[in-house]
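Shown next, in structure tokens, is the structure this report addresses.
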Amino acid sequence: MKLVKAIIKPFKLDEVKDALTEIGIQGMTVTEVKGFGRQKGHKETYRGTEYQIDFVPKVKLELAIADDLEEKVIETLGKAAKTGSIGDGKIFISDLNSVIRIRTGETGGGAL
């Protein structure tokens, strides 16, 4: 099993969710986050005054998936989240040792 975390632009969330649903992903956790990478934030003007925004709003998706879905999920996430401009985000993949469904006590891949 794998744990996939993706940081994407907020306006791409619906498109990414729909694309992942099409390939059979049944659940995900979504969190609104702030951060910066190479783009180092941006400047905004409000009532004539310029402000430096250091932390850019993003969305973090977390998906627990079976090993055989890894490549398909990565490809789908990459295509759906890509705008071609700076700040499109990142995908992180790590091994997931165990999963337990709280309601039934089911473990492993069956709990996904």
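Count the sequence shown with our numbering and you get residues -4 to 107, in order. Here a beta-carbon is modelled for each residue, glycine too, at the ideal position from N, C-alpha and C. Here the structure is a predicted model, which means the values were calculated and not measured.
Around the beta-carbon of residue 7, 16 or more other beta-carbon atoms lie within 10 Å, marking it buried. The C-beta of residue 3 has 16 or more other C-beta atoms within 10 Å across all chains shown, which makes the residue buried. Between the alpha carbons of residue 97 and residue 65 lies a distance of about 24 Å. 8 Å or more divides the Cβ of residue -3 from the Cβ of residue 95.
With fewer than 16 other CB atoms across the displayed protein chains lying within 10 angstroms of its CB, residue 103 is exposed. Residue 23 and residue 46 have their C-alpha atoms some 34 Å from each other.
Taking residue 52 as reference, the option from 27, 14, 76 with the minimal CA-CA separation is 27. In this structure, the straight-line span from the alpha carbon of residue 83 to that of residue 0 is close to 14 Å.
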